[in-house]
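Engineer: This is the structure I want to talk about, given as structure tokens.
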Amino acid sequence: MSSKVHVQARINGDDVEFLCEPRQSLLEVLRDVLGYTGTKEGCNNGNCGACSVILEGRLVNSCLVFGFEIQGKELQTIEGMGSPEELHPVQQQFLENAALQCGICTPGFIVSTKALLDKNPDPTEAEVRYWLAGNLCRCTGYDKIVRAVLDAAKAIKNS
Amino acid sequence: MHAFDFANPQSVPDAVGLLQKHGDRARVLAGGTDVIVQLREGRRSADLVVDIKEIPDVNVLSYSATTGAKIGAAVPCYRIYGNEEIAGAYPGIMDAASLVGGIAVQGRASLGGNLCNASPAADTIPTMIVHSAVCTVAGPSGTRQVAVEDFCTGPGRNVLESGEFLVAFDIPAPSANSGGFYLRFIPRNEMDIAVVGAGAYVVLNADKSKFESARIAVGAVAPTPLFVREAGEALAGQAVSDASIERACELARAAASPIDDMRGTADYRKHLTGVLTKRAIQGAVQRAKES
Ligand SMILES: Cc1cc2nc3c(=O)[nH]c(=O)nc-3n(C[C@H](O)[C@H](O)[C@H](O)COP(=O)(O)OP(=O)(O)OC[C@H]3O[C@@H](n4cnc5c(N)ncnc54)[C@H](O)[C@@H]3O)c2cc1C
Ligand code: FES
Ligand code: FES
Numbered sequence: 001m002s003s004k005v006h007v008q009a010r011i012n013g014d015d016v017e018f019l020c021e022p023r024q025s026l027l028e029v030l031r032d033v034l035g036y037t038g039t040k041e042g043c044n045n046g047n048c049g050a051c052s053v054i055l056e057g058r059l060v061n062s063c064l065v066f067g068f069e070i071q072g073k074e075l076q077t078i079e080g081m082g083s084p085e086e087l088h089p090v091q092q093q094f095l096e097n098a099a100l101q102c103g104i105c106t107p108g109f110i111v112s113t114k115a116l117l118d119k120n121p122d123p124t125e126a127e128v129r130y131w132l133a134g135n136l137c138r139c140t141g142y143d144k145i146v147r148a149v150l151d152a153a154k155a156i157k158n159s
Numbered sequence: 001m002h003a004f005d006f007a008n009p010q011s012v013p014d015a016v017g018l019l020q021k022h023g024d025r026a027r028v029l030a031g032g033t034d035v036i037v038q039l040r041e042g043r044r045s046a047d048l049v050v051d052i053k054e055i056p057d058v059n060v061l062s063y064s065a066t067t068g069a070k071i072g073a074a075v076p077c078y079r080i081y082g083n084e085e086i087a088g089a090y091p092g093i094m095d096a097a098s099l100v101g102g103i104a105v106q107g108r109a110s111l112g113g114n115l116c117n118a119s120p121a122a123d124t125i126p127t128m129i130v131h132s133a134v135c136t137v138a139g140p141s142g143t144r145q146v147a148v149e150d151f152c153t154g155p156g157r158n159v160l161e162s163g164e165f166l167v168a169f170d171i172p173a174p175s176a177n178s179g180g181f182y183l184r185f186i187p188r189n190e191m192d193i194a195v196v197g198a199g200a201y202v203v204l205n206a207d208k209s210k211f212e213s214a215r216i217a218v219g220a221v222a223p224t225p226l227f228v229r230e231a232g233e234a235l236a237g238q239a240v241s242d243a244s245i246e247r248a249c250e251l252a253r254a255a256a257s258p259i260d261d262m263r264g265t266a267d268y269r270k271h272l273t274g275v276l277t278k279r280a281i282q283g284a285v286q287r288a289k290e291s
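Here the protein sequences line up with chains A and B, keeping their order.
For the first sequence, the residue numbers in this note's numbering are 1 to 159.
For the second sequence, the residue numbers in this note's numbering are 1 to 291.
Here it is, written out as structure tokens:
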């Protein structure tokens with residue numbers, strides 16, 4: 001019954017066009033239509049933050065956005081951050097602090113951290129913990145993640 | 001998820017036309033933080049999703065010290081607490097807007113969605129009630145005004161009729177010597193649903209020793225967020241004292257008719273209603289004294 005929608009957007013600086021069903025979430029579009037599988041699905045209901053992306057400069061859960069809503073918009077995903085040769089400072093500090101175990105939550109934490117540091121380059125530990133309250137991790141117990149974020153803030157400041 | 005079409009009307013009349021044509025098979029989309037989950041889980045279904053976010057009227061955010069604030073129904077929380085004038089004038093609304101979900105939810109969640117979703121535990125409704133916010137509702141026969149305290153009719157139900165949607169809120173400018181406050185109790189420190197929530201707005205006299213007027217509302221203790229008119233009225237004309245505040249808290253406790261659920265027993269919620277109402281009044285008084 002419903003016809004596919006044609007959507008044009010900018011993702012990580014590239015012009016992207018795709019067709020999607022109105023009911024497909026941005027998360028489904030990223031993973032299943034466009035092959036951007038760095039963005040993860042955890043809960044699919046807004047609670048875990050594994051699907052975090054930055055839409056028009058704002059951190060959002062891509063499972064709580066419809067694909068058609070990004071028409072004409074600017075999106076940043078984990079794929080736009082660093083490369084295997086040159087990691088983003090947040091990625092580098094997650095590695096150095098061993099801030100991940102299974103890794104399913106990691107892209108979400110890294111995107112969420114980028115959104116935090118873009119806005120507040122020098123957060124306190126409490127600010128980091130509140131900002132990341134929407135990102136869940138079943139493995140690390142969070143302390144190493146919080147340390148990685150604080151170290152990334154320092155690394156960015158000193159670079 | 002059931003397949004549907006979507007529309008993104010550019011004006012209020014276009015949206016009303018679509019909602020009228022599709023009746024209860026149409027569903028409004030604002031920030032989507034409730035409705036996308038509900039459609040996915042089959043708790044709601046729709047043939048047409050009407051994304052209202054391209055309509056200028058639902059994106060308005062303005063403030064004047066004489067007429068107060070106008071907040072479009074779809075303005076996300078982060079824009080509201082990011083607006084210095086509005087955040088400065090209504091700290092009691094900011095308490096709630098910065099509690100809804102986490103940062104990513106606040107990037108999308110609107111006050112209009114919070115109200116229309118009509119959860120008994122919705123955080124922004126009690127605070128909008130105590131600030132005397134009024135809704136502008138558009139529909140097939142024009143627009144009408146509805147006070148926020150009259151908007152919800154039951155869990156997930158509201159006064160909107162077929163073809164109608166919520167366009168914006170008007171909030172009166174804060175009076176001199178006034179203060180607003182909202183708080184809730186949750187087991188976590190962040191990202192949880194209120195076990196009980198309480199909002200207060202108080203106006204003090206010139207030397208700030210007496211209440212001139214007050215409004216109290218509580219959440220998660222009745223089928224809808226609850227305006228406890230008599231609790232505020234009991235404060236009017238009274239000295240700011242533990243005794244007068246305690247009396248208002250008793251009235252709030254008496255008005256609460258909570259249920260037992262996984263977040264707390266009815267008895268516990270009744271008790272919390274008193275505790276949080278007291279803290280909300282004290283917080284509002286403190287802000288009025290600092291104003
Ligand atoms: C992880 C998570 C945490 C949350 N935490 C909280 C919390 O702490 N406190 C809290 O109160 N809520 C919380 N919520 C619920 C939700 O975020 C809020 O209720 C939010 O304010 C809904 O706004 P929205 O713009 O996303 O609404 P939507 O999901 O777009 O809409 C909600 C409902 O209202 C209808 N609607 C929306 N706008 C209009 C309009 N203008 N006219 C007519 N109908 C309309 C929709 O059709 C739908 O039925 C949470 C949600 C998630 C996913
Ligand atoms: S998958 Fe989107 S928040 Fe969990
Ligand atoms: S590393 Fe496994 S969930 Fe976070």
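All C-beta atoms in this analysis are idealised placements derived from N, C-alpha and C, irrespective of residue type, glycine included.
Taking Cβ-Cβ distances below 9 angstroms as the criterion, which residues of the stretch 203 to 233 of chain B are in contact with chain A?
Structural biologist: none
Engineer: Measure how close the beta-carbons of Arg108 of chain B and Pro76 of chain B come, nearest whole angstrom, since I'm counting them as under 8 angstroms.
Structural biologist: Working through the second sequence from its first residue, we reach residue 108 of chain B at position 108. Working through the second sequence from its first residue, we reach residue 76 of chain B at position 76. Their Cβ separation, rounded to whole angstroms, is 5 angstroms, which keeps Arg108 of chain B and Pro76 of chain B in contact under 8 angstroms.
Engineer: To the nearest angstrom, report how far apart Ser62 of chain A and Ser25 of chain A are at their CA atoms.
Structural biologist: Sequence index remark: in the first sequence, residue 62 of chain A carries index 62 (1-based). Sequence index remark: in the first sequence, residue 25 of chain A carries index 25 (1-based). Their backbone Cα atoms lie some 7 angstroms apart in a straight line.
Engineer: From what residue to what residue does the beta strand (DSSP E) around Gly142 of chain B run?
Structural biologist: As a first step, residue 142 of chain B must be located in the second sequence, where it is residue number 142. From DSSP, the beta strand (DSSP E) with Gly142 of chain B extends over Gly142 to Ala147.
Engineer: With Ala214 of chain B and Ala236 of chain B assumed to form a contact (beta carbons below 8 angstroms), what rounded beta-carbon distance in angstroms separates them?
Structural biologist: The residue labelled residue 214 of chain B in the question sits at position 214 within the second sequence. The residue labelled residue 236 of chain B in the question sits at position 236 within the second sequence. The pair is a contact, with the Cβ atoms about 7 angstroms apart (cut-off 8 angstroms).
Engineer: Pick helix, strand or coil for Ala121 of chain B, following the three-state DSSP scheme.
Structural biologist: Reading the second sequence from its first residue, position 121 is the one you call residue 121 of chain B. Three-state result, Ala121 of chain B: coil.
Engineer: Between B:Ile186, B:Ala231 and B:Tyr182, which has its C-alpha nearest Ala96 of chain B's C-alpha?
Structural biologist: In the second sequence, the residue the question calls residue 96 of chain B occupies position 96. Cα-wise, what sits closest to Ala96 of chain B is B:Tyr182.
Engineer: May I ask which residues mark the beginning and end of the beta strand (DSSP E) holding Ser178 of chain B?
Structural biologist: Reading the second sequence from its first residue, position 178 is the one you call residue 178 of chain B. Here the beta strand (DSSP E) through Ser178 of chain B covers Ser178 to Phe185.
Engineer: List, in chain order, every chain B residue whose beta-carbon is nearer than 8 angstroms to that of Tyr36 of chain A.
Structural biologist: Position 36 of the first sequence, counting from 1, holds the residue named residue 36 of chain A. The premise fails here: Tyr36 of chain A is roughly 18 angstroms from chain B at the closest Cβ pair, so nothing lies under 8 angstroms.
Engineer: By the DSSP assignment, the alpha helix (DSSP H) with Leu117 of chain A in it spans what residues?
Structural biologist: The residue you call residue 117 of chain A lines up with position 117 of the first sequence. Leu117 of chain A -> alpha helix (DSSP H) spans Thr106 to Lys119.
Engineer: Just mark Met94 of chain B as buried or exposed, buried being the case when its beta carbon has 16 or more other beta carbons within 10 Å.
Structural biologist: For the purposes of this step, residue 94 of chain B is identified with residue 94 of the second sequence, where counting begins at 1. It is buried - the Cβ of Met94 of chain B has at least 16 other Cβ atoms within 10 Å.
Engineer: Return yes when at least one heavy atom of ligand 1 lies under 8 angstroms from the C-beta of Arg144 of chain B, else no.
Structural biologist: To locate residue 144 of chain B, count along the second sequence from 1; it is residue 144. Answer for Arg144 of chain B: no, Cβ out of range of ligand 1.
Engineer: If you reduce the DSSP assignment to three classes, tell me which class Leu136 of chain B lands in.
Structural biologist: Locating residue 136 of chain B in the second sequence gives position 136, where the first residue counts as 1. Note on identity: in this sequence residue 136 of chain B is Thr, with Leu being the wrong assignment. In this structure, Thr136 of chain B counts as strand in the three-state DSSP scheme.
Engineer: What residue range is occupied by the uninterrupted alpha helix (DSSP H) comprising Ala73 of chain B?
Structural biologist: One-based indexing of the second sequence puts residue 73 of chain B at position 73. Premise fails: Ala73 of chain B is in no alpha helix (DSSP H) and is neither H nor E.
Engineer: Lys154 of chain A: beta carbon under 8 angstroms from a heavy atom of ligand 2?
Structural biologist: Residue mapping note: residue 154 of chain A aligns to position 154 of the first sequence, counting from 1. Checking every heavy atom of ligand 2 against the Cβ of Lys154 of chain A, none is found closer than 8 angstroms.
Engineer: How far does the beta strand (DSSP E) with Ile193 of chain B in it reach, from first residue to last?
Structural biologist: One-based indexing of the second sequence puts residue 193 of chain B at position 193. Premise fails: Ile193 of chain B is in no beta strand (DSSP E) and is neither H nor E.
Engineer: Is Leu19 of chain B buried or exposed, if buried means 16 or more other CB atoms sit within 10 Å of its CB?
Structural biologist: As a working note, residue 19 of chain B is residue 19 in the second sequence. The residue in question, Leu19 of chain B, is buried, as its Cβ has 16 or more Cβ neighbours within 10 Å.
Engineer: Can you give the beta carbon distance from Ser178 of chain B to Val203 of chain B, rounded, assuming they're within the 8 angstroms contact cut?
Structural biologist: Position 178 of the second sequence, counted from the first residue, corresponds to residue 178 of chain B. Position 203 of the second sequence, counted from the first residue, corresponds to residue 203 of chain B. Confirmed, Cβ separation roughly 5 angstroms.
Engineer: Assign Gln282 of chain B to one of three DSSP states: helix, strand, or coil.
Structural biologist: Here residue 282 of chain B corresponds to residue number 282 of the second sequence, with the count starting at 1. Gln282 of chain B: helix per DSSP, three-state reduction.
Engineer: May I have the straight-line CA-CA distance separating Val7 of chain A from Cys20 of chain A, to the nearest angstrom?
Structural biologist: For the purposes of this step, residue 7 of chain A is taken as the residue at position 7 of the first sequence. For the purposes of this step, residue 20 of chain A is taken as the residue at position 20 of the first sequence. Each residue's Cα considered, the two are about 8 angstroms apart.
Engineer: Run the proximity test for Thr106 of chain A: is its beta-carbon closer than 8 angstroms to any non-hydrogen atom belonging to ligand 3?
Structural biologist: Looking up residue 106 of chain A in the first sequence gives position 106. Yes, since a heavy atom of ligand 3 falls inside the 8 angstroms radius drawn around the Cβ of Thr106 of chain A.
Engineer: Would you mind listing the beta strand (DSSP E) stretches within the stretch 209 to 278 of chain B that are 3+ residues and don't spill past its ends, in chain order?
Structural biologist: Entirely contained in the stretch 209 to 278 of chain B, the beta strand (DSSP E) runs reaching 3 residues are, in chain order, 211 to 219.
Engineer: Run through chain A and tell me which residues come within less than 9 angstroms of Ile36 of chain B, C-beta to C-beta.
Structural biologist: Translated into positions along the second sequence, residue 36 of chain B becomes position 36. Correct list: Ser25, Asn45, Gly46, Cys63, Leu64, Val65 and Phe66.
Engineer: Determine the DSSP secondary structure at Tyr142 of chain A, reduced to helix, strand or coil.
Structural biologist: For the purposes of this step, residue 142 of chain A is taken as residue 142 along the first sequence, with counting starting at 1. If DSSP states are grouped into helix, strand and coil, Tyr142 of chain A belongs with coil.
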